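Participant: Residue numbers (my numbering): 12 to 116.
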Ligand SMILES: [Zn+2]
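1) Hey, quick one: how far does the alpha helix (DSSP H) through residue 79 stretch, first residue to last?
2) Find the nearest neighbour of residue 52 within the set 79, 65, 66 and 60, judged by alpha-carbon distance.
3) Go through its chain and collect everything with a Cβ distance to residue 76's Cβ below 6 Å, but skip five positions before and after it.
4) Considering only residues of the same chain and omitting the five flanking positions on each side of residue 119, which have a CB-CB separation below 7 Å?
5) In or out: residue 86 buried (at least 16 other Cβ within 10 Å) or exposed?
6) Nearest to residue 111 by alpha carbon, out of 90, 94 and 81?
7) Return the CA-CA distance between residue 96 and residue 65, expressed in angstroms with no decimal places.
8) Check the Cβ-Cβ distances between residue 42 and every residue of chain B, and say whether any is below 9 Å.
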């Protein structure tokens, strides 16, 4: 079974990425999803979801790592920029820097 997720939000032009259900949700600790960033190709591109207005202000679409997103908006992300969704919690793997921005560390 697969489900589809995208970082950032609701842009209809965003590229959805199919992620195996078992590795995203069931594993404990969660498995890292190596989906490269559409912009810089970095594999350090863990899932996150920011509020729709912030995502829209970036002008970005697709799967974009938080570093490229921060460059686009010209500032560092803070915990209040993220939606209250499972994809922004410990249910999903996030690298140390993204965890810091999410307020998980
Ligand atoms: Zn990137």
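Glycine residues also receive a C-beta, built at the ideal position from the N, C-alpha and C atoms. Please read these numbers as outputs of a predicted model, since none were measured by experiment.
Facilitator: So, to answer that:
1) In the DSSP annotation of this structure, the continuous segment of the alpha helix (DSSP H) that includes residue 79 starts and ends at 77-84.
2) Per the Cα distances, 79.
3) Spatial neighbours of residue 76 in its own chain (CB-CB distance under 6 Å, excluding positions within 5 residues in sequence) are listed in chain order as 48, 53 and 56.
4) One cannot answer for residue 119 here, as it falls past the ends of the chain, which runs 12 to 116.
5) exposed
6) Measuring from the Cα of residue 111, the nearest candidate turns out to be 90.
7) 16 Å
8) As a matter of chain content, chain B is missing from the structure shown, which is built from one protein chain.
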